[in-house]
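Undergrad: Before I ask anything, let me first share the structure, which is written out below as structure tokens.
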Amino acid sequence: MCVSSNWHFRSGLLTRVQMDMDTVMDVGGSVPPPQPQTTFAPSSSQLPVIQDPSSSNVLTELDRLYEEMRNIVANATQARDPFRDISVKVHIRRPDRDSWTYLGRGLVAQEQSRIVVRAAASRKIMTTFGEDAPLQAEKRGNFVVVGCVEGTRVVSWSFNAQNNSETLRLLASIELTCDSRRFTSNAGQQGAHRRLISRMIKDDRRKRHRRRKETDSLVAALERTGLDTPADQPMAVAEPVAVLQ
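Numbers 3 to 247, taken from my numbering, label the letters of the sequence shown in order.
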């Protein structure tokens, strides 16, 4: 009796354990597979920003770099060298003269609101060009020719720079410094003033060309008349004259 009851008890226990294992297997098979995780990239609005301590503006990294570059350029502009002296050869053509006269080497400098030309050796002032000066500057090769109107006469200055860059810098300096500021509010009067100066300089140039042409014509006429004695023709020798006692 005791043996059979123990056998039935063990059989029931094994059956229950088997059922529990089947249940666990069924539950394990019904577990859904793991889902892949999705990562989200931060948007541009979530990028780190840098707070500028000197102001209340919020700057991104690119803005900060832009500000640094702008400060570097501004400092470089402020540290630029002042106007350098320009070494030139100075010639002058005085009124009623057709030829140039060499005055020597000079240095062109900008002092306050005028252009000053000094002798390279003695540092004496050769000439100055100030504001509202009635002049006209032209570039001819490496020369800057400045025609100055003095009353009814024209005095011309020629400055021979070392290279084309120095020539352009000299021309720009003279034009910017000596530009007329009396007619800044009236463009018509300013244009008329410039045309008047240009016309006076052209008239002086026309007179010089006429004088040169007349001189050449006179020389050619003298050559045609044969007034000059040829070099190979011997000169006549005077015969001695007897003096009566």
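C-beta: ideal position from N, C-alpha, C; glycine also. As the structure is a prediction and not an experimental result, all values here were calculated from the model.
Verify whether the separation of the beta carbon atoms of residue 116 and residue 106 is less than 8 Å.
TA: No; because the gap between Cβ atoms is not below 8 Å, this pair is not in contact.
Undergrad: Identify the continuous alpha helix (DSSP H) that holds residue 175 and give its terminal residues.
TA: 166-179
Undergrad: Going by beta carbon distance, what residues of the same chain come within less than 7 Å of residue 110, once the five residues before and after it are set aside?
TA: Answer for residue 110: 87, 88, 90, 117, 119, 161 and 172, listed in chain order.
Undergrad: Going by the beta-carbon positions, is the gap between residue 199 and residue 138 smaller than 8 Å?
TA: In contact: residue 199 and residue 138 (Cβ atoms closer than 8 Å).
Undergrad: For residue 74, does the count of other Cβ atoms within 10 angstroms reach 16, so buried, or fall short, so exposed?
TA: exposed
Undergrad: For residue 108, is the classification buried or exposed, using 16 other Cβ atoms within 10 angstroms of its Cβ as the cut-off for buried?
TA: In the assembly as shown, residue 108 is a buried residue. Its beta-carbon has 16 or more other beta-carbons within 10 Å.
Undergrad: Exposed or buried, what is residue 174 when buried is set at 16 or more other beta-carbons lying within 10 Å of its beta-carbon?
TA: exposed
Undergrad: Output the distance between the C-alpha atoms of residue 99 and residue 71, rounded to the nearest integer angstrom.
TA: 57 Å
Undergrad: Classify residue 163 as buried or exposed, calling it buried when 16 or more other Cβ atoms lie within 10 Å of its own Cβ.
TA: buried
Undergrad: Is residue 138 helix, strand or coil by DSSP?
TA: Residue state for residue 138 is assigned as strand, using DSSP reduced to three classes.
Undergrad: How close, in whole Å, do the beta carbons of residue 316 and residue 156 come, if the pair is a contact with beta carbons under 8 Å?
TA: With the chain running from 3 to 247 in the structure shown, residue 316 is simply not present.
Undergrad: When DSSP labels each residue in this structure, what does residue 158 get in the three-state scheme?
TA: It is a strand residue.
Undergrad: Looking only at C-alpha atoms, which of 169, 150 and 179 sits nearest to residue 201?
TA: 150
Undergrad: Could you spell out the range, first to last residue, of the beta strand (DSSP E) harbouring residue 111?
TA: 103-113
Undergrad: Below 8 Å CB to CB, which residues in the same chain sit around residue 203 once its five sequence neighbours on both sides are set aside?
TA: 138, 149, 151 and 156
Undergrad: Give me the Cα-Cα distance between residue 227 and residue 221, rounded to the nearest whole angstrom.
TA: 10 Å
Undergrad: I'd like to know whether the C-beta atoms of residue 130 and residue 159 end up nearer to each other than 8 Å.
TA: no
Undergrad: To the nearest angstrom, how far is it from the Cα of residue 141 to the Cα of residue 165?
TA: 12 Å
Undergrad: For residue 179, which residues in the same chain have their Cβ closer than 6 Å to its Cβ, ignoring the five residues on either side in sequence?
TA: These residues qualify, in order along the chain: 117.
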